[in-house]
Amino acid sequence: MRLMKRLKCVLLLAVVIRFSVGCLAGSVTVQGDVASCLSMPGRHDFVFEGREAIVVTPDSVADGSPWIWRPAFFGAFDAVDKALLQEGFHVVYYDLTHGYGSPSALLAGDKFYRFAVDSLGLSPKTTLEGFSRGGFFVLQWAARNPSAVACIYVDAPVCNLLSWPGRQRADLWNDALRLWGIDDTDAEGERLAAFRPDLLQRMAAAHIPVMAVCGDSDTEVPYDENMKVWRDRYSDLGAPVELILKPGVGHHPHSLENPEPVVDFILRHQPGEKEKHYIRYRGSLSNSFHKMQYRRKARVAFLGGSITEMEGWHNLVMQQLRQRFPYTEFDFVCAGIPSTGTTPGAFRIENDVLSKGEIDLLFVEAAVNDDTNHFDYIEQVRGMEGEVRHAREACPEVDIIMLHFIYDPFIEDYAEGRIPDVILNHERVANHYAIPSIDLAHEIADRMAAGEFTWEEFGGTHPHMMGHKYYAAAIASLFDEMWSCAPGDTLKAHALPADKLDDYSYCNGRFVDIRRAEYRNGWSYIEAWQPDSAVQTRPGFVDVPMLVADKPGKVLTFDFTGTAVGIFCVAGPHAATLEYSVDGAPYKRMDTYTEWSSWLYLPWVYMFETELENKPHRLRLRVAKGNAGRTECIIRNFVVNTMEK
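Residue numbers 1 to 645, in the UniProt record's numbering, belong to the letters of the sequence shown in order.
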């Protein structure tokens, strides 16, 4: 509903409306029908209950008529407001600048809120925006009206009137005391502080999300006396608060040159957004919460394919974590390799992730690659269980989050009411090991079906940054829920099921050095392999040691101990058909050429045998004859499911 369709009471106001289109600042005077003026996009100035009010109407109002409300300093450092206006928000101002968050100011705010909701038709859930002293009003009003708040953005906020204005600013201090109706002697302690326990507890009980931007060198409203105290106490209650701390910056300039982190925060906390996520809450993330909040040192790893490797969701999650835990030293392990699913992941997790040290939080994803690479349901379970169980055996306290991304075939599945088989198979692992998971494919399919955006606008399998923001928003929602109570005092190892889902899962998958093999003419060890053509390669699979065969018939032998054996190779335009034998059995054949090999040296794991006895074995491997032009085998690692180091 457009803003002014419900503006009956405004017609009773004797007001002058100033109006201008397309901006927040500057206006021209217009007199006449208030309702018709305010129904138009642009800025509208009026007086409500004796105070200045401004409403800026967007060109296209977003569903639910969202609004961001400032009680002070309209138009100052307004990058966030302008960005939200483009998103369909109303930008609203009601002048309570000199109210000091006093009871009378809060009452005035209550009346204006009811006017905005009941008469202007704005959302019952407002986004509050408080700069400097405006922050004090915002935090007080939110504690008084928690059910009316979607989220809060404060910037260098006053959180304690003893800090600002304080007694050193006698005129402002006396004005604040007058409005609060107290004497100077009654102002001690935390009576005039927004971080009073009763106020924080009311907000925390409602899980009101808060984003703060502050300069760490602010001498006017010192961070240590204001937002730091507020943030630390609120976070200790398990309430969602994020902080961007600007090093070397004072009270000004406010806001950010790039407002995206704040805008993204506000958008993901609007009413109805959380209900669009498909999150399965299992187990606990309390260990990572404890380490980030109290130990202030944490290692977070991202294991997956190209959607994880590219700039996108994992960068946004890194940013979120730094904002949630601004004092924590993070080590981020980015272990995405394009085209790889859970079978490669299970064998490379030790080298690419666990070798970096103890992991505190691990993200795993592979639905797209496990499906598009045509791994069957057995491999999908064995690979994912291999990743998860290996991680938990190596790091018993590690928290794990499983993600399912979207690609073209999944859209049709969800349109026809089916959950893709690969997601069901991965979910078996998540259930067995009590791991929270997010079906992002389902959410994106639903949003497209509802007309929010098209597949092209989203960016397809490898999303535009807009698409990655939907992924990151769902992860943030999971954090909000699973970190919604104070972290425990101690760490607790996750229970590891006694039985595996599959006895042959790759829970002990490891790389084995190619120099362990024995070979003669026809195979060669190349220290820094390069392709002999312009065919594309992947990072990490060029200029590295490779074991290469380019002639048929020459045998390589490799001794190992374990239940499964294979190779991690690159399959390019000359990829061979291989013949292999384990323990003298008849040779079997495997074609290593893929549908992508004509233009890419594709990293690929080929498993030769996967259900062996756990004992010593010998692999014999050769390039098959009779396939001219397809005689190339390029091995980076042997892969073995083994207890041996």
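Where is the CB? At the ideal position from N, CA and C, for every residue including glycine.
Remember, it's a predicted structure, so these values are computed and weren't measured experimentally.
How about the segment 449-463 and the segment 396-415: do they share at least three Cβ pairs that are nearer than 8 Å?
yes
Please indicate yes or no: does the CB of V639 lie closer than 7 Å to some heavy atom of the ligand FMN?
Within the structure as shown, the ligand FMN is missing, as the structure has no ligands at all.
How about S339 and N369: do their beta carbons lie closer than 8 Å?
yes
Quick one: Cα of L179 to Cα of L192, how far?
C-alpha separation (whole angstroms): 12 Å.
Just to confirm before moving on: does the CB-CB distance between V512 and R622 stay below 8 Å?
Remark: C-beta atoms of V512 and R622 do not approach each other more closely than 8 Å.
Quick one: grab the DSSP three-state call for W529.
coil
Counting only the same chain and skipping the five closest in sequence on each side, list residues whose C-beta sits under 6 Å from that of C334.
F302
Contact between the segment 467-477 and the segment 497-512 (3+ Cβ pairs under 8 Å):
The answer is no - the segment 497-512 does not touch the segment 467-477, with fewer than three Cβ pairs under 8 Å.
Who does F638 pair with in a DSSP beta bridge?
V512 and I567
Note down, one range per segment and in chain order, each beta strand (DSSP E) of at least 3 residues found wholly within the segment 78-135.
90-94 and 126-131
Rounded to the nearest angstrom, what separates E609 and N641 at their Cα positions?
Pairing E609 with N641, the inter-Cα distance amounts to about 10 Å.
What residue from D360, N425 and R428 has the CA that sits closest to I400's CA?
D360
Is the beta carbon of I438 closer than 8 Å to that of I279?
yes
Any idea if W599 is buried or exposed, counting beta-carbon neighbours within 10 angstroms, 16 or more meaning buried?
exposed
Beta-carbon contacts of T493 that lie in its chain and below 6 Å, excluding the five residues immediately before and after:
With the sequence shown as reference, residue 493 is identified as Ala, and Thr is not the correct amino acid for it. P396 and E397.
Just the Cα atoms here: how many angstroms apart are G250 and S217?
Cα to Cα, G250 sits roughly 5 Å from S217.
So, for L547: in the same chain, excluding its five sequence neighbours on each side, which residues have a beta-carbon less than 7 Å away from its beta-carbon?
I514, A517, W523, Y525 and I635
For G562: DSSP bridge partner residues:
K615
For H442, collect the residues of the same chain with a Cβ closer than 7 Å to its Cβ; drop the 5 residues on either side in sequence, then sort them by chain order.
Y278 and Y414
Cutting at 7 Å between CB atoms, please list the residues of its own chain near S123, excluding the five before and the five after it.
G64, S65, P66, W67 and P271
Does R618 come within less than 8 Å of chain D when only Cβ atoms are used?
Of the protein chains in the structure, only one exists, and it is not chain D.
Suppose the cutoff is 8 Å on Cβ atoms and the five residues either side in sequence are ignored; what does the same chain contact list for V353 look like?
A301, L303, V333, A335, I359, L362 and A391
Which value, in whole angstroms, describes the spacing of the CA atoms of V639 and L619?
12 Å
Is the beta carbon of S163 closer than 8 Å to that of N226?
yes
Within 10 angstroms of its Cβ, does N614 collect 16 or more other Cβ (buried), or is it exposed?
exposed
Just tell me which of L120, E260, V565 and W455 has its CA closest to the CA of W211.
Per the sequence shown, the amino acid found at residue 211 is Met instead of Trp. The shortest Cα separation from M211 among L120, E260, V565 and W455 belongs to E260.
Quick one, which of D59, H426 and A79 has its alpha-carbon nearest Y377's?
H426
Does DSSP put G629 in a helix, in a strand, or in coil?
coil
Go ahead and label R510 buried or exposed: buried means 16 or more other beta carbons lie within 10 angstroms of its beta carbon, across all protein chains shown.
Under this definition R510 is a buried residue.
Out of curiosity, what's the CA-to-CA distance linking L200 and V91?
26 Å
Is it buried or exposed, G626, if we count other Cβ atoms within 10 angstroms and call 16 or more buried?
exposed
If you drop the 5 nearest sequence neighbours on each side, which residues of the same chain put their C-beta closer than 7 Å to that of K111?
E49
Is it buried or exposed for G553, if we count other Cβ within 10 angstroms and need 16 for buried?
exposed
Helix or strand or just coil, what does DSSP make of V544?
Secondary structure of V544 (DSSP, three-state): coil.
Spatially closest choice to C485 from R382, D502 and A239, by CA coordinates
A239
On the CB-based measure, 16 or more other CB atoms within 10 Å of its CB, does V21 come out buried or exposed?
Only weak support is given to the placement of V21: the predicted model assigns it a pLDDT of 33, under 50, and the value that follows is read from those uncertain coordinates. Exposed.
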